[in-house]
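Have a look at the structure below before the remarks.
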Amino acid sequence: MMRGIRSGCGTSAIALVAAAGGTLLAASPATAACGPTAGTSDTYVCDSGTMAGGLTDTVGDNSLTFPDGGNGTIDGDVEFGSGADRLDMRSGRVTGNFDQGSGIDIFEMSGGVIDGAVNQGGGEDIFRMSGGQIGSLNQSGDLDEFYMTGGRILGNFNAGDYGEMSGGRIGSVSLVGSSNTFLMSGGTIDDNLTAMGGRGDVNTLTISDGEIGGRIGTNNAHDHVTITGGSVAGNITLEDNSDRFIWNGGGTLGGSVELEAEDDQAELTNLNLALTSGPTLLSGGTGTDSLTLTDVDWTGAARITEWESITLSGATLLDLGGEALVLGDAGTQTGSLEITPTSVISGAGSASGSISSFVSSSLAQVNNRGRLTMQDGIAGDRITITGNYTGHDAVLSLDTVLAGDDAASDMLVVDRGAADGSTTLAIVNAGGTGAATLSNGIKVVDTTNGATTTAGAFAIPAPLTAGAFEYRLFRGGLTSGSEEMWYLRSTMMTPPEPAPTPADPTPSPIPAPQPAPTPAAGREIALPTAAATPPNGGAAPLAPVAASTLAALTPQSPPPPAMAEAEVVPIIRPEVPLHAAVPPLAQVLGQATLATFHERRGEEDHLEKGMAANSWLRIFGEHIDTRWDGIVALGFEGNLYGVQIGQDMVGREWSNGHETHFGLIAGYSRLTGDLSGSALGWSGLEVGTADLSLITVGGSLAHMAASGWYVDGVALFGWLDGTTGSYRDTGIEVEGETILLSAEAGMRFALNDRWNLHPNAQLAWQHVSLDPAHDGLAGVNFEDMAGFTARAGLRLEGELGEQQVLRPVLTADLTHSFGEESAIWLGDNRVTTDPDNTTLEFGAGFTAQLNPNIRLHGEGHYAFDIAGAEQTSLGGTLGLTVNW
């Protein structure tokens, strides 16, 4: 009930208690209106019943309480005066307005309803609401405070100076005082949040949670708006003056963010803003404005407009989305974009992403300390910068089809400005299989409308490889107008001199030779130039050849007729001669293992007559230096060694004095050494090492006549195994098989009682089959290789002493290898080597009978080429035969 000195209203459930003296006056049930004025500093309590006609007390410091659990109603307005008035409403209802008047007033509400407006009037008032409902709130223009954790304001909250909202619901908020602050960490504003102020005022609006169904707007003051959570369905507009917008960590914006006139700042941090979850527009408006994106993922350049300075920092990814990023406004005309070391601008998936100025006649400035990327696995994207581009140890990431001229590639386009500084191109091969470039090459940086580039503006960190080719980066092409552009080329070339036309006696000038490339970083060998120092003692610049000679390398795409005679130096990657050497080296290893009858068995009489009674062993070694003809002009220098054992399984002596022996053979041999070839524009360049081993098993059949002739046949099957490795730590594992067949015949002629001349001939056939491999850069496939080796030799044998214990031997052999060329495939590139050669070999040795059952033989030889592939070798063999 209500108690006080005023007369009650309604039934006896309502009474008035005077604050002074606390005297209780019984209310008359018949009284219908409030009682007389009770003086100042009155306290009112309404816990039940209804007071008709409202409550008015404009004198003193008044207090009105609706206690917990009550249901009292004031039917009408409540009006207090200029004192320090207080409302504590936890229940009940006021059907009209509530006016606290001027003075320092306090309004606290946790329940109940005020159907009308609440007006706290002048003075520094405080409003606290945790429950209940009011029609609207006006705090006037003094320094008022507002705290809301629950409840609802149906209409507008107007004129607050400092407000905190963590819950509840408000129709709209209009902060019209000077230097307003509003902190929202929860609750809902159905419509707009606005803050006004003068030129010298500062409005601070912070949204960390909650929902705003309309827009945020400010005017004239210096406005600071911070979003860290929650949602704003409408636009955010900060008009006039120098404003600051911060969006950090969370929240969603459904409309645009527009910082209008004068010099504004915006800072966005730790946000993932796809096209569907970010603002529809982020505008700096007129003035000199700055935007900083830190750890932001943003898609769509057209949503960012009218900023004179944009900085991408942290792990920011700005995806242009095929749109134009326009810097500056109509007044400033242009601006700059700063990409810090860990930030990225992406133009992937688009052929039209661009960065330009608001006024087309002005040039934008892009400072890249991070990365521009167009990589998405598909070549053909573009980023166009209309203005100046400066790389500061920057990265440009591209997809490029590493093939021939004009192959598809992502591209940076510099329009009308200049590109300088230092930018590394990180290029991924988008399916190219390698080919010779016979003109400008593959364009990766384009210049238009007079744009320029400096000599060191772009580089690649390491050579690019595809198939047999290595691609290097060159500034300038071979055609007029391409001098400022950047290309990848797999050749160094100068087109043929055009013939003068009859009408013009002065021939057209030869296009300038291509400039020397910028050396790639790391352990790389520079391409040859006129003043270059060879990278090793044996290397020399490779002489140019006609482009038509490269047709074998790229059989799917031969050079066009117009370029067929252009002078070309192919940039073959160093792994190519390394891999191409494997088949001919396997052939060398097989031939050394096969050897000749005398190298394996000594003399014919070392084979004991009768049944299988012969075991034999030989060890052999050789130093080889050889050069094969072919596209990559292979060279090998190294050592070969091995061991071979045999056992005659069947031996027979015929009635006519002839002998036949059948035996089994097993052996192991190994070849190791250094490889060189034509690579990177050098001839004889040391490219790496090879290590091959061969395990063989097979059989032999020898037949000897009493008259001095013999025939010998051998069949071996072998398993090849080994590795190759380039100086760049790339190589392959070698596995394969080989078949070796040999037929040999000879005849002994006695020159006198001490010397015999022994002419002999041999025909051998070898087949090599190698498994596919991969060197980490490209697949390597080997064509099967088969070839013949024919040998004609003379053997001069002496007999010293009556017992013939020691026999000196001199040999001379003419050997010719012929057959299929060896070929390997790297992607679509076929690399061939011609193993054919003719060598002349001279040797000297001995045979010795250590006792009736043990015989020893040995021989040293030196061979050199007289036709075909260059070859020299120095080696020897030592054998032992035991007759059981």
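Numbers -32 to -1, 1 to 852, taken from mature numbering (1 follows the signal peptide of the UniProt record, and there is no 0), label the letters of the sequence shown in order.
Just so you know, even glycine gets a beta-carbon here, dropped at the ideal spot from N, CA and C.
Which of helix, strand or coil DSSP assigns to residue i
i      : result
Q839   : strand
R58    : coil
L259   : strand
T(-10) : Model confidence at T(-10) stands at a pLDDT of 29, short of 50, so the residue's coordinates are unreliable; what they give is reported in the following sentence. Reduced to three states, the DSSP call for T(-10) is coil.
Q68    : coil
V600   : coil
V777   : strand
E543   : helix
E76    : strand
E789   : coil
E827   : strand
A398   : coil
R120   : strand
E179   : strand
R350   : strand
A423   : coil
E572   : helix
A52    : coil
A163   : strand
A269   : helix
I822   : strand
Distance CB(residue i)-CB(residue j) smaller than 8 Å
i           : j    : result
T757        : S790 : no
S311        : G282 : yes
L632        : G614 : yes
W687        : L709 : no
A419        : D383 : yes
L105        : V86  : yes
L557        : L660 : yes
W275        : L259 : yes
residue 854 : T352 : The structure shown does not extend to residue 854, since the chain is modelled only from -32 through 852, so no value can be given for it.
G136        : G119 : yes
G847        : H825 : yes
G217        : T194 : no
I180        : A201 : yes
Residue i versus the options, residue with shortest Cα-Cα distance
i           : options                   : result
A780        : N797, L774 and G811       : G811
G844        : D232, G435 and Y609       : Y609
G139        : G103, R798 and N724       : G103
G109        : R120, G123 and G71        : G71
residue 854 : S324, E306 and L648       : For the chain, the structure presents residues -32 to 852; residue 854 sits outside this window and is missing.
E654        : S737, L848 and F604       : F604
R457        : G449, L432, E451 and S448 : L432
T664        : T657, A670, A683 and R271 : A683
L55         : L669, F95, G652 and G385  : F95
E751        : R759, A741 and G315       : A741
A729        : L782, G766 and D739       : L782
D15         : R61, T401 and T628        : R61
G681        : L648, W650, N720 and H629 : H629
S651        : T698, I599 and W622       : I599
G656        : A189, L662, D642 and L648 : D642
A746        : D43, D414, L762 and A436  : A436
Residue range of the beta strand (DSSP E) that includes residue i
i    : result
T801 : N797 to D802
F565 : Looking at the DSSP string, F565 is not in any beta strand (DSSP E); the run it does join, the alpha helix (DSSP H), is F565 to R569.
W215 : R212 to N216
P538 : E535 to P538
A668 : According to the sequence displayed, residue 668 carries Ser and not Ala. From DSSP, the beta strand (DSSP E) with S668 extends over W650 to M672.
D593 : N582 to R595
T692 : W677 to S694
V225 : V225 to L227
T806 : N805 to N819
W275 : I272 to W275
F437 : F437 to R443
Residue range of the unbroken alpha helix (DSSP H) whose run includes residue i
i    : result
G558 : V550 to L562
Chain B within 8 Å of residue i, Cβ atoms only
i    : result
T260 : Protein chain content of the structure displayed is limited to a single chain, and chain B is not contained in it.
Q) Does the pairing of the stretch 265 to 277 with the stretch 235 to 254 give three or more beta-carbon distances under 8 Å? A) yes
Q | Stretch pair the stretch 225 to 232 + the stretch 250 to 265: three plus CB contacts closer than 8 Å | A | yes
Q: Decide yes or no for the touch test of the stretch 689 to 703 against the stretch 668 to 676: beta carbon pairs closer than 8 Å, at least 3 of them.
A: no
Q. If you pair each beta-carbon of the stretch 440 to 454 with each one of the stretch 412 to 430, do three or more pairs fall below 8 Å?
A. yes
Q) Are three or more beta carbon pairs between the stretch 287 to 307 and the stretch 324 to 338 nearer than 8 Å? A) yes
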